[in-house]
Amino acid sequence: MAMNFYGISYLENRGTIHDIIKYVIIFVVLIFFVFVFVRYLRFRIQTKYRDLSLILFLSLLFLIGTQVSEYQQAEAQDESYSQMVGFLHMVADQLDVAVGQVYINNLSLTDETLFLIDEKYYVLHLSNDRNSFRLEPTYLVNTNVTIVE
Numbered sequence: 000m001a002m003n004f005y006g007i008s009y010l011e012n013r014g015t016i017h018d019i020i021k022y023v024i025i026f027v028v029l030i031f032f033v034f035v036f037v038r039y040l041r042f043r044i045q046t047k048y049r050d051l052s053l054i055l056f057l058s059l060l061f062l063i064g065t066q067v068s069e070y071q072q073a074e075a076q077d078e079s080y081s082q083m084v085g086f087l088h089m090v091a092d093q094l095d096v097a098v099g100q101v102y103i104n105n106l107s108l109t110d111e112t113l114f115l116i117d118e119k120y121y122v123l124h125l126s127n128d129r130n131s132f133r134l135e136p137t138y139l140v141n142t143n144v145t146i147v148e
């Protein structure tokens, strides 16, 4: 099984297309709900528009409710990714390499994260207060590595 190492471009551009698709779906359901509700108000005798508008309204509430939960999770992930992006820039500056040559095997800043820099592997050791770190050279038993950009 291959170990994944992620580059800076993956961290910076992650997840944007999925969010756009979710918002488009919610917007389409909202437009359709408004259209059906207007038809219901215009033709009050026909109950099919009332039933359809009720179904669409409940669907819209469900979609918005799930989106709020996913939004909170996405915010936490984005904060973790932005912290990791800043850390990758700092490591690249201190080792005097381009940030595009620094890859990590973990998407959040944790102790024992592996780095791939110039085809050499390093393990990250963070202090307890996270104010300092140490990178030590390390060797992999399984060198089957996949780089994700």
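Going by the working numbering, the first residue of the sequence shown is number 0, and it counts up by one from there. Here a beta-carbon is modelled for each residue, glycine too, at the ideal position from N, C-alpha and C.
(request) Please determine, among F132, K119, D92, L94, the residue with the shortest C-alpha to C-alpha distance to L108. (result) The shortest C-alpha to C-alpha distance from L108 to any of F132, K119, D92, L94 is the one to F132.
(request) Starting from the N-terminal side, write out each stretch of the beta strand (DSSP E) that is 3 residues or longer and does not extend beyond the region 58-111. (result) Here the runs fully enclosed are 101-103.
(request) Compare the Cα-Cα distances from Y121 to each of A75, D110, V84 and report the closest residue. (result) The shortest C-alpha to C-alpha distance from Y121 to any of A75, D110, V84 is the one to D110.
(message) Tell me the DSSP secondary structure of E150 in three-state form.
(response) Not covered by the structure: residue 150. The range shown for the chain is 0 to 148.
(request) Using three-state DSSP, classify E135 as helix, strand or coil. (result) Residue state, collapsed to three classes: strand.
(request) Indicate, with yes or no, if the ligand PLP has a heavy atom lying under 7 Å from the CB of Q82. (result) By its list of ligands, the structure shown contains no ligand whatsoever, and the ligand PLP lies outside what it can speak to.
(request) Would you mind stating whether V84 and L10 have Cβ atoms separated by less than 8 Å? (result) Less than 8 Å divides the Cβ of V84 from the Cβ of L10.
(request) Pick out whichever of V27, Y138, N130 has its Cα sitting closest to the Cα of K119. (result) Residue nearest to K119 within the set V27, Y138, N130 is Y138 (criterion: CA-CA distance).
(message) Strictly by DSSP, which residues pair up with M2?
(response) M2 is bridged to V144.
(request) Report the three-state DSSP secondary structure of F34 (helix, strand or coil). (result) Assignment of F34 by DSSP, reduced to helix, strand and coil, places it in the helix class.
(message) Quick check on F114: does DSSP put it in helix, strand or coil?
(response) In this structure, F114 counts as strand in the three-state DSSP scheme.
(message) Under DSSP, the alpha helix (DSSP H) around S8 begins and ends at which residues?
(response) In the DSSP assignment, S8 falls within the unbroken alpha helix (DSSP H) covering 7-11.
(message) Let me confirm a value: T112 is counted as buried when at least 16 other C-beta atoms fall within 10 Å, else exposed. Which label applies?
(response) Classification for T112: buried.
(request) Taking the CB atoms as reference points, tell me whether V101 and I116 lie closer together than 8 Å. (result) For V101 and I116, yes; Cβs fall inside 8 Å.
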